[in-house]
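Let me begin by presenting the structure, written as structure tokens, before commenting on it.
In our numbering, the protein residues as written are 132 to 617.
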């Protein structure tokens, strides 16, 4: 007969055995921990986090609680929680242009994460430029963002279209090398009666508008011999956004409305994904998501017909020092890192800093992120060298589509003249001031010159309010003029 005490002892031993087995299966063991992860509303990014969370939860015996917010709510939600010292988030995901505002409240990335092969696999433009602030590694790239050109292979490869285009414009039909060619090609294919328009870009205020404008401006204002001068004079911090290069860019951006589908003033980036995939435009400018979505037969009417190319350039670039146009013998390409790719970071007041960084490392690992980049609706674009393995992309693209997509993206990211996005304290205030005037110009209420003159005045006032010396130091750091040292 078993005594009560023997039953208790046996139960205790079984419990210990179970815990030992569970512990062996949890590597590392974060049993009982739940991480609160902030991100944008699904599908993009949040889907990728949800997929990664399943594997990490199983590996570590922990839980991920995904907190989703509309994109326009992320900045104030995060900043309010960080400044108030609230332990609302263990992980936050955000654009690198907010890093200057968030950095004082973030924990440092553990040095151990920078001592692995996975670290060197991250492309330098992300690893060395966007994951660091003031000498500290405070975030991890989890998505590689840049603007790129997409075009319809079936239209561009059609011999009849090629002959007609050659006869009309005097040069061969091909992906546009300059912005002038971009507009001519868009004009050529603009056929509303056939439900075909030339191109699609985002024009809606609050709908990624200003990044499309910046994409046009990079070719005219990102001078290869004057780094860091696209947005501000890096020595004085005087705004450059009303110079002739920027005016030309805004004129181009507005001209795009003439060859865009109806309702273009209301287009966001998400809208033009669908418009291109629906086959109603010959080209568009967008992030890598357009290529992935347009190649997916579940969401696209043009699978197998998706071409990709570097952004158009210009032979003339504005020189802010001489105040004149410099003419180059070859086309100046300035690939633009619009947005720059989502980052993940850990607030310093998290109760689970070690576990949070472990999850981020899992999310950004070559294996997990390598699956995410080829998953439609995940919103993850290439940022590792291993992401450019052609074999993984053949599940989405034809061999030709994959070659064009990867070559254009990698050439842009490795370009010596790659243009970085604006990254400065108070970014939100600067872009809000810009979008007010952009919207007025797009609605023909004021001229491009007047709109940008108003923006420059507002930007200079903001710089003075935030502190011109402090803003100058931050801007130079962000543009790589005063190299950060870890």
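All C-beta atoms, glycine included, are put in the ideal place defined by N, C-alpha and C.
The structure displayed is predicted, hence computed values, not measured ones.
Kindly identify the DSSP beta-bridge partner or partners of residue i.
| i | result |
| --- | --- |
| residue 456 | 449 |
| residue 463 | 445 |
| residue 478 | 237 |
| residue 283 | 437 |
| residue 225 | 474 |
| residue 169 | 198 and 223 |
| residue 253 | 515 |
| residue 268 | 263 |
| residue 322 | 327 |
| residue 309 | 444 |
| residue 362 | According to DSSP, which records beta bridges pairwise, residue 362 is partnered with nothing at all. |
| residue 551 | 468 |
| residue 370 | 363 |
Based on Cα-Cα distance, which residue from the options lies nearest to residue i?
| i | options | result |
| --- | --- | --- |
| residue 163 | 184, 589, 169 and 195 | 195 |
| residue 94 | 226, 320 and 251 | Because residue 94 is not part of the residues shown, which for the chain are 132 to 617, the question remains open. |
| residue 223 | 216, 233 and 215 | 233 |
| residue 518 | 541, 238, 588 and 559 | 541 |
| residue 184 | 499, 341 and 320 | 499 |
| residue 216 | 237, 178 and 230 | 237 |
| residue 174 | 587, 553, 575 and 401 | 401 |
| residue 199 | 582, 587, 168 and 241 | 168 |
| residue 606 | 463, 305 and 370 | 370 |
| residue 218 | 389, 267, 227 and 165 | 165 |
| residue 398 | 335, 409, 523 and 375 | 335 |
| residue 539 | 604, 602 and 276 | 276 |
| residue 323 | 307, 267 and 410 | 410 |
| residue 535 | 264, 441, 599 and 319 | 441 |
| residue 202 | 186, 177 and 182 | 177 |
| residue 443 | 315, 591, 516 and 368 | 315 |
| residue 461 | 503, 493 and 445 | 445 |
| residue 572 | 287, 313, 273 and 340 | 340 |
| residue 171 | 308, 511, 244 and 591 | 511 |
| residue 260 | 554, 587 and 568 | 554 |
| residue 308 | 295, 327 and 347 | 347 |
| residue 262 | 287, 574 and 227 | 227 |
| residue 179 | 590, 474 and 525 | 474 |
| residue 494 | 159, 182 and 161 | 182 |
| residue 414 | 266, 327 and 604 | 327 |
If you follow the beta strand (DSSP E) that residue i is in, where does it begin and where does it stop?
| i | result |
| --- | --- |
| residue 186 | Run containing residue 186: none in the beta strand (DSSP E); it sits in the alpha helix (DSSP H), 177 to 191. |
| residue 329 | 328 to 331 |
Go to residue i, then tell me how far its alpha helix (DSSP H) extends in each direction, as first and last residue.
| i | result |
| --- | --- |
| residue 608 | 599 to 609 |
| residue 512 | That residue, residue 512, is in no alpha helix (DSSP H); it is neither H nor E in DSSP. |
| residue 500 | 497 to 503 |
| residue 567 | 558 to 573 |
| residue 299 | 290 to 300 |
| residue 538 | 530 to 544 |
| residue 343 | 340 to 352 |
| residue 490 | 484 to 494 |
| residue 335 | Neither: residue 335 is in no alpha helix (DSSP H) and is coded neither H nor E. |
| residue 521 | 521 to 524 |
Taking only beta-carbon atoms, is residue i less than 7 Å away from chain D?
| i | result |
| --- | --- |
| residue 505 | Given the protein chain composition of this structure (a single chain), no chain D is represented. |
Is residue i close to the ligand MG? I mean its beta-carbon at under 6 Å from any heavy atom of the ligand.
| i | result |
| --- | --- |
| residue 400 | By its list of ligands, the structure shown contains no ligand whatsoever, and the ligand MG lies outside what it can speak to. |
Item to check | Meets three-Cβ-pair contact criterion under 8 Å: the stretch 265 to 284 and the stretch 478 to 486 | outcome: no
Item to check | Whole runs of the beta strand (DSSP E) within the stretch 379 to 454, excluding any shorter than 3 residues | outcome: 412 to 417, 437 to 440 and 445 to 450
Checklist entry - Should the stretch 423 to 439 be called in touch with the stretch 504 to 513, which here means at least 3 C-beta pairs below 8 Å? => result yes
Checklist entry - Does the pairing of the stretch 557 to 565 with the stretch 463 to 474 give three or more beta-carbon distances under 8 Å? => result no
Next on the checklist: So, does the stretch 189 to 206 touch the stretch 447 to 455, judging by three or more C-beta pairs under 8 Å?
Outcome noted: no
Next on the checklist: Assess contact between the stretch 351 to 367 and the stretch 537 to 557, defined as three or more Cβ pairs (one per stretch) separated by less than 8 Å. Is contact present?
Outcome noted: yes
Next on the checklist: Any contact between the stretch 327 to 338 and the stretch 389 to 404? By contact I mean 3 or more CB pairs, one from each, below 8 Å.
Outcome noted: yes
Item to check | the stretch 285 to 299 touching the stretch 360 to 368, judged by at least three CB pairs closer than 8 Å | outcome: no
Next on the checklist: So, does the stretch 433 to 447 touch the stretch 526 to 533, judging by three or more C-beta pairs under 8 Å?
Outcome noted: yes
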